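Notes for the one structure printed next.
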Amino acid sequence: MRVDIAKGILEKNDGLAAENRRMFAESGVFVVDLMASPGAGKTSTILATIAALRDRYRIAVIEGDIASRVDAEKISAHGIPAVQINTGGACHLESDMIRRAVATLDLVELDLLIIENVGNLVCPTDFDLGENAKVMILSVPEGHDKPYKYPNIFQVAEAVILNKYDTVSFFDFDEAEFREVVGSLNPAAPIFPMAATKGDGVDAWAAWLTDRIEAARAGESA
Amino acid sequence: MHEMGICDGILSASLDAAAKENATRVNSIDVTIGDLTEIQGEALQFAFGVLTKDTIAENAVLNITTVSALSRCADCAAEFSHGRFDAKCPECGSYMCELLQGRELRVDAIDID
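As given, the protein sequences belong to chains A and B, one line each in that order. In terms of the numbering used here, the numbers along the first sequence are unbroken and rise by one, the last being 222. In terms of the numbering used here, the numbers along the second sequence are unbroken and rise by one, the last being 1113.
Given below as structure tokens:
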């Protein structure tokens, strides 16, 4: 006997993500999901973002890693609330993990929540967490050909940070080709060259993020 | 590589539906996967074999229908199918296109006894 189901495979994750999104909107907190390879500079980018925006916004961070508290401790050292999620082997964060992590944060006391996804260019792309924006970081040493190999992550991201830009002259990185391929995959996404650990280029990224936060607020109060 | 998690979603939707019909056996499960997702068919079949063990879906056949990407041009309204890298309107050359299909992850139906 044939029985029709017609259900989304990720329905459970998507349903919880929608609840997260509603909860974030009600609390007035803007949520960014940062995705990148291990070592691309996710944590450094978060620290640079905190430095740029901490006077304007109340910020907290959720750190997703397979194991350890190393990243959360780096963030906490700057006086910013940080929650560590250890996925215990899972290659990406899911919406129920975010739900449990935010239970330890006072959302109404926050303006910006930055989620550092597990270092991976594949799996995080298919999972909605309830964020306002997914942003991906590629670092120069990874190579300009990454969009050919991992197109999906460049398509779901609203913005692309090109980190470790201070090393661009030491690597065979063809920025024109990189911009052309990213443009063909995702014409609307801005690309922000940055050297997060030195602070170079952080202003343009912080200005974009500020615009997105303010636009979301205007939308909520409209 | 998150086919295990995806497969878990397929199986729980299927077993829930089968339980509602008081099924004793699931013979097959039909799913639709868009070309623009990160799901690889072979890895999904492997995960399916592992996760169906000791369930009423053990030895069931997983039928995967893949859907290619289809977009509509925001500038000239042309609809066209494309791969991952050429989501550019073949009519007018615009990149401002809305994806109509290609990111599906859906359980369509099951066949049960």
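Beta carbons: idealized from backbone N, C-alpha and C, even for Gly. These figures come from a predicted structure and were not determined experimentally.
About 7 Å separates the Cβ atoms of B/F1085 and A/L185, confirming a contact at the 8 Å cut-off. Of all residues in the segment 70–82 of chain A, none is placed with a Cβ closer than 8 Å to any Cβ belonging to chain B. Take A/L110, set aside five residues on each side of it, and the residues of its chain with a beta-carbon closer than 6 Å to its own are V29, R58 and A60, in chain order.
Bounds of the beta strand (DSSP E) holding B/E1098 are C1097 to Q1101.
Taking 8 Å as the CB threshold, A/M136 stays off the interface with chain B.
Taking 8 Å as the threshold, the shortest C-beta distance from B/L1036 to chain A falls below it. At a cut-off of 8 Å between C-beta atoms, A/L185 counts as an interface residue with respect to chain B. Between B/A1023 and B/I1112, the C-beta gap is smaller than 8 Å, which places the two residues in contact.
Contact of A/I5 with chain B by beta-carbon distance below 8 Å involves A1013, S1014, A1017, V1107, D1108, A1109 and I1110. At a cut-off of 8 Å between beta carbons, A/V122 contacts chain B. Looking at the DSSP output, B/C1073 bridges to B/C1097. Straight through space, the alpha carbons of B/E1079 and B/S1068 are spaced by roughly 13 Å. Within the same chain, and ignoring the five residues on either side of B/M1004 in sequence, the residues whose Cβ sits closer than 6 Å to its Cβ are A1047.
For A/L113, the enclosing beta strand (DSSP E) stretches over residues L112 to E116. Per the C-alpha coordinates, the member of A/L107, A/E116 and A/D55 positioned closest to A/T210 is A/D55.
A distance of 8 Å or more separates the beta carbons of A/V202 and A/A17.
Here A/V140 is buried: its Cβ has 16 or more other Cβ atoms, across all protein chains shown, within 10 Å. Between A/G119 and A/S37 the beta-carbon gap is near 6 Å, inside 8 Å, which marks them as a contact.
If one requires a minimum length of 3 residues, the beta strand (DSSP E) runs lying completely within the segment 38–109 of chain A are 59–65 and 82–86, in chain order. Separation of the CB atoms of B/T1066 and B/I1033 is rounded to 6 Å, and the pair is thereby assigned contact status at 8 Å. One thing to note: A/M1 has its Cβ no nearer than 8 Å to the Cβ of A/I153. Our two residues, A/A159 and A/A189, have alpha carbons roughly 5 Å apart in a direct line. Contacts with chain A (Cβ-Cβ distance below 7 Å) from the segment 1050–1064 of chain B involve no residue at all.
Against chain A, the CB of B/V1031 has a partner CB under 8 Å away; the residue lies at that interface. Rounded to the nearest angstrom, the gap between the Cα atoms of B/L1105 and A/L121 is 19 Å.
Here the segment 165–179 of chain A does not lie against the segment 68–80 of chain A, with fewer than 3 beta-carbon pairs under 8 Å apart. Sorting A/F192, A/A77, A/V156 and A/A204 by C-alpha distance to the C-alpha of A/D33 places A/V156 at the top.
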